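The end of the sequence shown is residue 187 by my numbering, with every number in the run present.
Yeah, the Cβ is synthetic: ideal placement off N, Cα and C, and Gly gets one too.
Here the structure is a predicted model, which is why all the values come from computation and not from measurement.
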Amino acid sequence: MRSSLTARQALTSAPEALEFEPASTRQELFRELARLSEQEEGQAAQALVLFPISHHGELVAAPGFDARMDLLQAPDAGGVLQLTFDGRTGEHWPEERRDSLQGLSERESSELVARTLLTHWGIQQTGPVQVDRVSGAPYAVAYVDGILRINPAFLYLAAASGLASTSANVQ
Numbered sequence: 017m018r019s020s021l022t023a024r025q026a027l028t029s030a031p032e033a034l035e036f037e038p039a040s041t042r043q044e045l046f047r048e049l050a051r052l053s054e055q056e057e058g059q060a061a062q063a064l065v066l067f068p069i070s071h072h073g074e075l076v077a078a079p080g081f082d083a084r085m086d087l088l089q090a091p092d093a094g095g096v097l098q099l100t101f102d103g104r105t106g107e108h109w110p111e112e113r114r115d116s117l118q119g120l121s122e123r124e125s126s127e128l129v130a131r132t133l134l135t136h137w138g139i140q141q142t143g144p145v146q147v148d149r150v151s152g153a154p155y156a157v158a159y160v161d162g163i164l165r166i167n168p169a170f171l172y173l174a175a176a177s178g179l180a181s182t183s184a185n186v187q
């Protein structure tokens, strides 16, 4: 049964509210975001895009990702990317472990998602990448001026998708 909640509405809702949605609903919302990421890829970000990044001085939609991509399986990047979570601009990253985040905290899941997406997008930065929590943002993840802004609602959707791929591999 499909929720009446759209992916864009889920992003602007409180992330905690997504914990009460069934895993199947969160998985479908993640698939919707993945489809939209592929449709928006490369577009100028004058219009609202879900994954805006700065690229050669312009704001564009980041490369899309497949709905089967497990964003909580960070690639082995050899620790090339330095991430920092003690920003002064974003909200505090909660450290409590959540069942709906595969037993990880928001802070832990944000690190995995950050590493996976930054690697997928080909982001190479010599200094640390600041990772900010921006709940209620109209986008899922944005990378601008060395700062990665993650909407925590996106983490709950990505974690549900990861659970689906894990259970599919086990069966």
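Check                                                                                          : Outcome
DSSP-derived helix/strand/coil call for S29                                                    : coil
Per-residue burial, L120 [other beta carbons within 10 Å of its own, 16 or more giving buried] : buried
4 or more residues per run - each alpha helix (DSSP H) lying fully within the segment 37-122   : 39-56
CB-CB length for A130 against V147, believed under 8 Å                                         : 5 Å
L164, enclosing beta strand (DSSP E) - first and last residue                                  : 163-166
Contact the segment 132-142 vs the segment 41-61: 3+ CB pairs below 8 Å                        : no
Burial state of F36, where buried means 16 or more other Cβ atoms lie within 10 Å              : exposed
Where V129 falls: helix, strand or coil (DSSP)                                                 : helix
Secondary structure of Y159, DSSP reduced to three states                                      : strand
Within 8 Å, strictly: CB atoms of F81 and A60                                                  : no
Inter-residue Cα distance where the pair is R113 and P154                                      : 25 Å
Presumed contact (8 Å Cβ cut-off) between E48 and A23, rounded CB distance                     : 4 Å
Among E127, D161, I139, G138, nearest to R149 - alpha-carbon criterion                         : E127
Between the CA atoms of E122 and A176 - distance to the nearest angstrom                       : 13 Å
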